[in-house]
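Undergrad: Mapping of the sequence shown onto my numbering: residues 52 to 475, in sequence order. Don't be surprised by glycine CBs; every beta carbon is placed ideally from N, CA and C. Just dropping this structure here.
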Amino acid sequence: MNLRLDHLLDELRDRGSAILTAIDADPLLVRRQAGSLVLTNAGGALFTPQEAHQLFAKGLVYCRDPFRVVSLPLVKIYNLGERSVSVADIAGLAAEPDARLHFLHKLDGTLIQRFQHDGRVYFTTRGMIEGGPVVGVQDEDAPESAKNFDFLGTARQVAARLYPALCEARPELDGLTLVFEFLHPETRVITNYGEREDLVLLGCFDRHDFRYRTYREVRELAAAHNLTVVDEFSPAGSTLAEQIDSLLAAIAGTDQEGTVITIEHGHRVVYRVKVKSPDYLRVLKLVVTCTYPRTAELIDANPLFCDWSNFETHLRGLGREQVPEEVLGFYREHFDAHAAYLADCERLRAWGAETAARVLAEARAEAGDADRRLLRKCFAARAVKLPLRPLLFAAFDGSLDVPTVRKIASTPAEAKEALAKITD
52 MNLRLDHLLD
62 ELRDRGSAIL
72 TAIDADPLLV
82 RRQAGSLVLT
92 NAGGALFTPQ
102 EAHQLFAKGL
112 VYCRDPFRVV
122 SLPLVKIYNL
132 GERSVSVADI
142 AGLAAEPDAR
152 LHFLHKLDGT
162 LIQRFQHDGR
172 VYFTTRGMIE
182 GGPVVGVQDE
192 DAPESAKNFD
202 FLGTARQVAA
212 RLYPALCEAR
222 PELDGLTLVF
232 EFLHPETRVI
242 TNYGEREDLV
252 LLGCFDRHDF
262 RYRTYREVRE
272 LAAAHNLTVV
282 DEFSPAGSTL
292 AEQIDSLLAA
302 IAGTDQEGTV
312 ITIEHGHRVV
322 YRVKVKSPDY
332 LRVLKLVVTC
342 TYPRTAELID
352 ANPLFCDWSN
362 FETHLRGLGR
372 EQVPEEVLGF
382 YREHFDAHAA
392 YLADCERLRA
402 WGAETAARVL
412 AEARAEAGDA
422 DRRLLRKCFA
432 ARAVKLPLRP
442 LLFAAFDGSL
452 DVPTVRKIAS
462 TPAEAKEALA
472 KITD
């Protein structure tokens, strides 16, 4: 599969209708529609592109009847070593006479694209478009704690506050896709940017001539509109391999993700490849295993872990290799979420016990205590008119406790949904 960006974009320009037809019919891709605009992204069954047209399906926006490209963020970028992408391959591209090489910071946030269509400004993630259906998560790479985060709404708010030019349809931005990394404390993946909320310009796709603008042009565009642009590293070394080693050594022991090596020939970007820090990848692997269900299981297994200080001591005792400082924060988020869930379950138990007692008193007034079967029948006649009947019958049987509530509302979302039924 040809991964050179200039070749791929030439294909998209010259064979756009055929490529978009394939994208539009591909069952492995997910499509979201907003008016005449269609946004496409890889579906859950597509781990990595299998066909050339799928390389574009990372947030591409197009129209039908006739098919035409409206906006394109970043074509699929592989990690060094994937798809046989080797140092030798990119060194060859970087050695050509007019080549320029940039080691751009790989920021650890959420991809946001901004474009104009029919006089309106649109913001999208790779999986959601403004004005389209809100189905599923807005960013599939988001941490578990941010699955319900409003990426698009918040990104637009940040743009309005920091970069108001982005919220206005401007003639000079027609046909341009501005690609940003969205940073926000509530959507942190690994790298800790503190309380920073920002949109950092990564690149720009120019639909007029189907090319990505060079880093110099991107910097000029950022300066003209008072935008923040991604920085670049200046690693030491006389060869590409030496520069990569130098860069990785410089960020070793930090939570920085790595770099995107960008190769330019003349006025075109011809290649991008990611080089991630081994430390980042190690922490990422541990974060993937640090899930809410696993954390809840650990807490449930040991009553002492219901206190954060005890749980933290246990985690630190496992050592930095298993629980680095960066991962400890994710455990705390899951711990707090589980504590809130248990508190919700206790509220449900208390409501069930109190309500069942009231219903039982009414049933006894009608049936008395002599006939247990008749008493249950009278209780049931009243209980079926109320929400959360399983809680009431468990209380009638004397088995209503928090573990019983957790069987009925087994997740934090189900517990909140149940509470909503009794508080509306």
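Apart from the five residues just before and just after Cys396, which ones in its own chain have a Cβ nearer than 8 Å to its Cβ?
TA: Only Val453, Val456, Arg457, Ala460 and Ala466 meet the Cβ criterion.
Undergrad: Nearest to Glu376 by CA position, among Leu106, Asn243 and Tyr214, is which residue?
TA: For Glu376, the nearest C-alpha among the options comes from Asn243.
Undergrad: Give me the Cα-Cα distance between Leu343 and His385, rounded to the nearest whole angstrom.
TA: One point to set straight first is that residue 343 is Tyr, not Leu, in the sequence displayed. Between Tyr343 and His385, the C-alpha separation is close to 5 Å.
Undergrad: Would you kindly report the start and end of the unbroken alpha helix (DSSP H) that includes Lys472?
TA: Segment Pro463 to Thr474, the alpha helix (DSSP H) holding Lys472.
Undergrad: Round the Cβ separation of Ile302 and Phe154 to the nearest angstrom and send it over; I've been treating them as touching at under 8 Å.
TA: Contact doesn't hold; Cβ gap of about 11 Å is too wide.
Undergrad: Whose C-alpha, out of Ile141, Gly160, Ala73 and Leu125, is nearest the C-alpha of Gly254?
TA: Per the Cα distances, Leu125.
Undergrad: Under a three-way DSSP split, which group does Gln373 fall into?
TA: Here Gln373 sits in coil by DSSP.
Undergrad: What residue range does the beta strand (DSSP E) around Glu232 cover?
TA: Looking at the DSSP string, the run of the beta strand (DSSP E) that includes Glu232 is Leu227 to Leu234.
Undergrad: On the three-pair Cβ rule with 8 Å, is the region 315-333 touching the region 56-73?
TA: Verdict: yes, contact present.
Undergrad: Which runs of the beta strand (DSSP E) fall wholly inside the region 65-141 and span at least 3 residues, in chain order?
TA: The qualifying runs are 80-85, 88-93, 109-114 and 119-122.
Undergrad: Decide if Ala347 is buried, meaning its Cβ has at least 16 other Cβ atoms within 10 Å, or exposed.
TA: It counts as buried.
Undergrad: Along the beta strand (DSSP E) that carries Asp249, what are the first and last residues, could you check?
TA: Looking at the DSSP string, the run of the beta strand (DSSP E) that includes Asp249 is Asp249 to Asp257.
Undergrad: Out of Leu234, Gly226 and Pro222, point me to the one whose CA is closest to Ala206's CA.
TA: Residue Leu234 is the option with its Cα nearest to Ala206.
Undergrad: Would you tell me roughly how many angstroms separate the C-alpha atoms of Arg258 and Thr228, rounded to the nearest one?
TA: Their Cα atoms are separated by approximately 8 Å.
Undergrad: When the Cα atoms are used, what is the spatial distance from Arg177 to Leu144?
TA: If I take the Cα positions, the gap works out to 29 Å.
Undergrad: In chain order, what residues of the same chain lie with their CB nearer than 8 Å to the CB of Pro184, ignoring the 5 residues before and after it?
TA: So the list reads Arg83 and Gln84, once near-sequence residues are dropped.
Undergrad: Nearest CA to the CA of Gly86: which residue from Leu123, Arg115, Ser68 and Ala76?
TA: Cα-wise, what sits closest to Gly86 is Arg115.
Undergrad: Per DSSP, what kind of secondary structure is Ala150 in: helix, strand or coil?
TA: Ala150: strand per DSSP, three-state reduction.
Undergrad: So, are the CB atoms of Thr91 and Thr161 less than 8 Å apart?
TA: For Thr91 and Thr161, no; Cβs fall outside 8 Å.
Undergrad: Round the Cβ separation of Val251 and Leu158 to the nearest angstrom and send it over; I've been treating them as touching at under 8 Å.
TA: At roughly 6 Å, the Cβ-Cβ gap stays under 8 Å, so Val251 and Leu158 are in contact.
Undergrad: I need the boundaries of the alpha helix (DSSP H) containing Tyr343, first residue and last residue.
TA: Tyr343 -> alpha helix (DSSP H) spans Tyr343 to Ala352.
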